[in-house]
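Heads up: take any position in the sequence shown, counting from 1, add 5, and you land on my numbering.
Even glycine gets a Cβ: it sits at the ideal position worked out from N, Cα and C.
Below: the structure, in structure tokens.
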Amino acid sequence: MKSEIRNCKNCQKDFTIEEEDFNFYERIKVPAPSWCPECRQFRRYAWRNERTLYRRNCDLCQKSTVTIYSPNKPYKVYCNECWWGDDWDSSSYGRDFDFSRPFFEQFSELQHDVPRMALLNKRSVNSEYTNHSGDNKNVYLSFSSFFNENVMYSTMVFFSRDCMDCSYIPDKGERLYETITLRTSYQCQYSVFLKDCSNCLYCYDCHGCNNCFMSSNLRNKSYVFRNKQYSREEYLEKIKNLELSSFIVREGLNKEFKDLLENESIHRYVRSARNVNSSGSFIYDCKNVKNSFDVNKGENSKDIYVAMDIKDSMDLYHVGLQTELCYELQGCTRVSNCQFCHLCYDNMNVMYSDTCQNSQNLFSCVSVKKGEYMIFNKKYSKEEYEKLKVKIIEHMKRTGEFGEFFSPQISPVGYNETQGNLYMPLSREDVLSRDWRWEDSLQGTIGKETIKSAEIPDKIEDISDLYLKEVFACVDCSKNFNITQNELFFYKKEEIPLPRKCPNCRYKRRFDLRPPRKLWHRACMCSSGEHGHDQKCQVEFETTYAPERKEKVYCESCYNKEVY
């Protein structure tokens, strides 16, 4: 089929389905989507509760457990030990499909009956408060993070240790604080887009640097203070005179860093490298990957958000590791020929299923482990399975349900508990008007603080262990929070003043500093006569920086000539 322009059923905006898209849909035997790419991602966001944690009792062993499901949720929730154990059988909840009723209505009923995994946390030690994570030791309130030790309040951190309040550290970070997208870096604070750096504070887009402060676009530099070169002795004296242990001083530096980002730094139009015929940002070592973000080692794929080692797939969110021929997935790993699934690991030939592991040939199943040829958790022979699957798909086509991801209406969590509330925020009224779910009892207290922010000592050296007993109030959202022993130890070791914001608001600050997962058409802002063009550069591109933003955004050529 040739390219077509269609109107999105959700936002009513036109979107284009390319010829290669139709070829992909035909290959995996699904119809073309009725929602545009952005709205399809919107729908997947509404299924991912990554950061909102609660305590409730396991419905099997009755032990108190950490979970993503609030106590008022009408689901059976098992702690991880019970869910993975052999004391229950998901096939005991199997049932026949009723062809007189809609598919999603019956699937929602199955979700309410079959036990759900409290959260996803594998092979970890003393890391109870983590989700979508594994292989960690002493990790606390951190998410989508793996192979770490002594990490707190962080997201998407890998192979790192002794870090706090960091986001997107793909490998080998150590002694980092309030950093975003750093690689192989050591003892850096309040910095963005660093690689192979050490002892850098308030720096942006620096590579191979050490001992730099409030500087940007540096390559292989040392002892640079506010973008000016100094001797080692001069630099260390300036740092010593800053009083970095003072909260008041740090607040002033945060404002200065914001000005550095917006008015003084050069910004590359996207952050990508070693790609062939690909578009998007934060994509690396990809070939024929289009309109995608945070992708490593992808091939022949489109509309991908956070993935690794994928090929021949479309519309994925947090998916990776040997994944191919997949479509409309959220939170899946090591899957092949799977479509319309949520939180499925190590599966093959699975469709319309939720939280199924180590299985193959499943259709519309919930919480199945090591299953095969099952529909609505009921076991069939191979021949019976194939016939019934085709029959149900035909029924779904008649009801208009086939070819669409699960609706937020049947998501097991409220929209305000999900990543959707960050990437595409909606008001409570808007969510409820769509007949989606909203959680009114989000965990967190207000008004229980035992000390006011103005009463907290300015410098970290004046904070004693007595403050571990205090309850603080966030200066942004007013929610209460406290300080742990390991946290206080880190602040004292790194000479960082006590924070006045809660962990969620600190995460939101970092979230807002990272370019959004969206592309705008713009022209290069470079007007330097030394970059091979007269007056203003005429190169146009797709960038993650919206036209109304203040930053100076350059094309790749002008950026490289300016920075290198």
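- Of the residues assessed, residue 276 falls on the buried side of the cut-off, its CB having 16 or more other CB atoms within 10 angstroms.
- Distance from the Cα of residue 381 is smallest, within the candidate group 208, 99 and 396, for 99.
- Residue 327 and residue 125 have their alpha carbons spaced roughly 19 Å apart.
- Taking the CA atoms as reference points, residue 287 sits about 44 Å from residue 385.
- A straight line joining the alpha-carbon of residue 569 with that of residue 439 spans about 50 Å.
- Here DSSP, grouped into helix, strand and coil, assigns residue 116 to helix.
- Each residue's CA atom was taken as its position, placing residue 504 and residue 175 some 25 Å apart.
- Shown here, residue 404 sits in a helix according to DSSP, grouped into three states.
- With distances taken between CA atoms, residue 415 lies nearest to 117 out of 469, 59, 117 and 543.
- For the pair residue 507 and residue 542, the CB atoms are not nearer than the 7 Å cut-off.
- In this structure, DSSP gives residue 320 an extended state, which the three-state scheme calls strand.
- Judged by DSSP secondary structure, residue 176 falls outside any alpha helix (DSSP H) and instead within the beta strand (DSSP E) spanning 176-179.
- Residue 532 counts as exposed, since fewer than 16 other C-beta atoms from the protein chains shown sit within 10 angstroms of its C-beta.
- Looking only at 453, 526, 245 and 463, the smallest Cα-Cα distance to residue 485 is reached by 453.
- Linking residue 262 to residue 30 through their CA atoms gives a straight-line distance of about 47 Å.
- When only Cα atoms are considered, residue 54 and residue 536 end up about 46 Å apart.
- DSSP, reduced to helix, strand and coil, places residue 418 outside both helices and strands of the structure shown, so it counts as coil.
- For residue 385, the secondary structure class from DSSP, reduced to helix, strand or coil, is coil.
- Comparing alpha carbon positions, the residue from 113, 111 and 158 closest to residue 132 is 158.
- Between residue 428 and residue 50, the C-beta gap is smaller than 7 Å, which places the two residues in contact.
- In the structure shown, the three-state DSSP call for residue 568 is helix.
- Look at residue 362 here: in three-state DSSP terms it is strand.
- Beta-bridge annotation (DSSP): residue 326 is not paired with any residue.
- Contact check for residue 63 against residue 57 fails: the beta carbons are separated by 7 Å or more.
- At least 7 Å separates the beta-carbon of residue 140 from that of residue 148.
- Residue pairing by DSSP places residue 191 opposite 179 and 203 in a beta bridge.
- DSSP, reduced to helix, strand and coil, places residue 425 within a helical segment of the structure shown.
- Comparing alpha-carbon positions, the option among 104, 178, 489 and 298 lying closest to residue 471 turns out to be 489.
- Excluding its 5 nearest sequence neighbours in each direction, residue 127 has C-beta neighbours in its own chain below 6 Å: 139, listed in chain order.
- Burial check for residue 268: the Cβ neighbour count within 10 Å stays below 16, so the residue is exposed.
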